[in-house]
Amino acid sequence: MTAPREAERSGVVVGLMSGTSLDGITAAAVRFTDDERGRTRLELLAWLTRSYSTEQRARLTHALTGASPAEYCRIGFDLGGWLADAAIACIAEAGVPRGEIAAVASHGQTIWHEPGHSTWQLGESAVIAERTGVDVVHDFRVRDVAAAGQGAPLVPIADALLFAAEGSWRALQNIGGIGNVTVVPPDGDLRAVRAFDTGPGVAVIDAVTRLVEPSLPYDVDGALASRGTPDERVVAELLAAPYFAAEPPKSTGRELFSASYAESLVARSRALRRDASSADVVATATLLTARSIADAYTRFLPEPVGDVLLSGGGARNPALVATIERELAGRRVRRFEEEFFDGEAKEAVAFAFLGWLHLRGRPGNVIGATGARGPRILGKRTPA
Numbered sequence: 006m007t008a009p010r011e012a013e014r015s016g017v018v019v020g021l022m023s024g025t026s027l028d029g030i031t032a033a034a035v036r037f038t039d040d041e042r043g044r045t046r047l048e049l050l051a052w053l054t055r056s057y058s059t060e061q062r063a064r065l066t067h068a069l070t071g072a073s074p075a076e077y078c079r080i081g082f083d084l085g086g087w088l089a090d091a092a093i094a095c096i097a098e099a100g101v102p103r104g105e106i107a108a109v110a111s112h113g114q115t116i117w118h119e120p121g122h123s124t125w126q127l128g129e130s131a132v133i134a135e136r137t138g139v140d141v142v143h144d145f146r147v148r149d150v151a152a153a154g155q156g157a158p159l160v161p162i163a164d165a166l167l168f169a170a171e172g173s174w175r176a177l178q179n180i181g182g183i184g185n186v187t188v189v190p191p192d193g194d195l196r197a198v199r200a201f202d203t204g205p206g207v208a209v210i211d212a213v214t215r216l217v218e219p220s221l222p223y224d225v226d227g228a229l230a231s232r233g234t235p236d237e238r239v240v241a242e243l244l245a246a247p248y249f250a251a252e253p254p255k256s257t258g259r260e261l262f263s264a265s266y267a268e269s270l271v272a273r274s275r276a277l278r279r280d281a282s283s284a285d286v287v288a289t290a291t292l293l294t295a296r297s298i299a300d301a302y303t304r305f306l307p308e309p310v311g312d313v314l315l316s317g318g319g320a321r322n323p324a325l326v327a328t329i330e331r332e333l334a335g336r337r338v339r340r341f342e343e344e345f346f347d348g349e350a351k352e353a354v355a356f357a358f359l360g361w362l363h364l365r366g367r368p369g370n371v372i373g374a375t376g377a378r379g380p381r382i383l384g385k386r387t388p389a
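Going by our numbering, the first residue of the sequence shown is number 6, and it counts up by one from there.
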């Protein structure tokens, strides 16, 4: 039992994230330490992204829309293997001996998320533990849902304790498949932290792009959107949906912003404007994401937030970032890496932090974000 205790004291955790955009797996090896004031500091030792192959993405997409029991059984174990491969590669990149890794913290792939009732992530932890020889902390969302929480977003505790600004309010806006924001008070006081899903991130933009330009996996560098003219009428109609007006805490996913949602956006765009080009339709989807973020800030952020940090895949889309900057005029909008490290690694780092908190028996949910009955230790542990 000596080696595991020594590994835990070292504070090195490998976080694994596979998000709603289905781009691939991001892994981050992070060393956590507490300073003399009890604040947590991190050192990002290494991070990487392993893109899904066309076949892997197709299997995961099929699982989101309804696979057979045999397919769910196989994809759960296969995904565990893909996650393990990413963890092993990241550990090698970090140059940390396997015995010094306290745990692998795996988010898995969300297959279904029904706030207020249940949540389901795949990616067999036993496979990861067998392949890596390291303890695995997993299934982070279920305890919060069991405690009457939304089960999302879970990144806010990292936003507050690791990425707060000194003396001012900050919004950390993630733009993965789904968009979510964490509002962090000066110095990260957890009692005042709030967070919620703003709506679509890149999931709708990507799906619309594949519908109108089947040869493209997504709007590369925002090239299509930058050439198009968005249809304000379509965006206004879509923003009238009940989700956007619902008060936080709230969370959403592909259950709402699905393939059929993207199909309806394309159909409505072309019904209102028969000469709408592919670029116009993608620009409309891009404006939807940007305006849903700005609309959420207007409705639900009374705090004096002047600083906005963007992370996630959407922060790599220049057209989307430029549109967000216009929609959030008056606020300072920057990419996360301008203040910290590459924003692509941020969610994997956050789940590494959740794994680190689990190992120390510390709660990982923020009540102002999920609405749970109280603080809960998140995750289950599969021993090496």
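Beta carbons are placed, not taken as given, at the ideal position from N, Cα and C, and that holds for glycine.
What number of angstroms, rounded off, separates the C-alpha of residue i from the C-alpha of residue j?
{"i": "residue 18", "j": "residue 363", "result": "11 Å"}
{"i": "residue 325", "j": "residue 233", "result": "12 Å"}
{"i": "residue 198", "j": "residue 350", "result": "22 Å"}
{"i": "residue 113", "j": "residue 291", "result": "27 Å"}
{"i": "residue 348", "j": "residue 342", "result": "6 Å"}
{"i": "residue 263", "j": "residue 82", "result": "25 Å"}
{"i": "residue 215", "j": "residue 44", "result": "45 Å"}
{"i": "residue 296", "j": "residue 161", "result": "22 Å"}
{"i": "residue 99", "j": "residue 51", "result": "5 Å"}
{"i": "residue 168", "j": "residue 319", "result": "19 Å"}
{"i": "residue 54", "j": "residue 20", "result": "12 Å"}
{"i": "residue 204", "j": "residue 309", "result": "22 Å"}
{"i": "residue 288", "j": "residue 138", "result": "46 Å"}
{"i": "residue 345", "j": "residue 172", "result": "17 Å"}
{"i": "residue 259", "j": "residue 170", "result": "32 Å"}
{"i": "residue 243", "j": "residue 294", "result": "11 Å"}
{"i": "residue 133", "j": "residue 46", "result": "27 Å"}
{"i": "residue 69", "j": "residue 338", "result": "33 Å"}
{"i": "residue 374", "j": "residue 157", "result": "7 Å"}
{"i": "residue 388", "j": "residue 42", "result": "32 Å"}
{"i": "residue 93", "j": "residue 131", "result": "15 Å"}
{"i": "residue 126", "j": "residue 80", "result": "11 Å"}
{"i": "residue 359", "j": "residue 231", "result": "37 Å"}
{"i": "residue 73", "j": "residue 59", "result": "20 Å"}
{"i": "residue 89", "j": "residue 267", "result": "32 Å"}
{"i": "residue 135", "j": "residue 122", "result": "31 Å"}
{"i": "residue 153", "j": "residue 376", "result": "7 Å"}
{"i": "residue 86", "j": "residue 57", "result": "13 Å"}
{"i": "residue 63", "j": "residue 257", "result": "22 Å"}
Closest to residue i by C-alpha separation, out of the options, would be which residue?
{"i": "residue 250", "options": "133, 215, 303, 345", "result": "303"}
{"i": "residue 313", "options": "360, 41, 186", "result": "186"}
{"i": "residue 105", "options": "202, 159, 169, 37", "result": "37"}
{"i": "residue 335", "options": "311, 101, 63, 108", "result": "311"}
{"i": "residue 307", "options": "176, 166, 125", "result": "176"}
{"i": "residue 107", "options": "357, 55, 245", "result": "357"}
{"i": "residue 385", "options": "361, 372, 117", "result": "361"}
{"i": "residue 35", "options": "77, 96, 74", "result": "96"}
{"i": "residue 191", "options": "266, 125, 164, 61", "result": "164"}
{"i": "residue 166", "options": "151, 193, 225, 174", "result": "193"}
{"i": "residue 184", "options": "63, 352, 229, 276", "result": "352"}
{"i": "residue 299", "options": "265, 180, 31", "result": "180"}
{"i": "residue 381", "options": "89, 371, 79, 135", "result": "371"}
{"i": "residue 178", "options": "71, 241, 278, 316", "result": "316"}
{"i": "residue 30", "options": "189, 115, 365, 48", "result": "115"}
{"i": "residue 274", "options": "240, 340, 305, 206", "result": "240"}
Here's the rule: buried if 16 or more other CB atoms are within 10 angstroms of the residue's CB, otherwise exposed. What is residue i?
{"i": "residue 40", "result": "exposed"}
{"i": "residue 23", "result": "buried"}
{"i": "residue 332", "result": "buried"}
{"i": "residue 255", "result": "buried"}
{"i": "residue 219", "result": "exposed"}
{"i": "residue 129", "result": "buried"}
{"i": "residue 328", "result": "buried"}
{"i": "residue 391", "result": "This structure leaves residue 391 out entirely; the chain is present only between 6 and 389."}
{"i": "residue 118", "result": "buried"}
{"i": "residue 280", "result": "exposed"}
{"i": "residue 211", "result": "buried"}
{"i": "residue 301", "result": "buried"}
{"i": "residue 235", "result": "buried"}
{"i": "residue 120", "result": "buried"}
{"i": "residue 226", "result": "exposed"}
{"i": "residue 102", "result": "exposed"}
{"i": "residue 253", "result": "buried"}
{"i": "residue 355", "result": "buried"}
{"i": "residue 277", "result": "exposed"}
{"i": "residue 208", "result": "buried"}
{"i": "residue 111", "result": "buried"}
Using a Cβ-Cβ distance cut-off of 7 Å, determine whether residue i contacts chain C.
{"i": "residue 101", "result": "In summary, chain C is missing from the structure at hand, where a single protein chain is found."}
For the stretch 145 to 159 and the stretch 277 to 293, state whether three or more C-beta atom pairs, one from each stretch, are separated by less than 8 Å. The stretch 145 to 159 vs the stretch 277 to 293: no contact.
Check whether the stretch 189 to 198 touches the stretch 235 to 250, taking contact to mean three or more Cβ pairs, one atom from each stretch, closer than 8 Å. no
Which whole runs of the beta strand (DSSP E) in the stretch 131 to 167 are 3 residues long or more, in chain order? 141 to 143
Tell me the start and end of each unbroken alpha helix (DSSP H) in the stretch 62 to 122 that is at least 4 residues and wholly inside, in chain order. 74 to 99
Which residue spans inside the stretch 315 to 379 form an unbroken beta strand (DSSP E) run of at least 3? 337 to 340
In the stretch 172 to 226, which residue ranges form an unbroken beta strand (DSSP E) of at least 3 residues, counting only runs that do not cross its ends? 175 to 180, 183 to 189, 199 to 205, all fully within the stretch 172 to 226.
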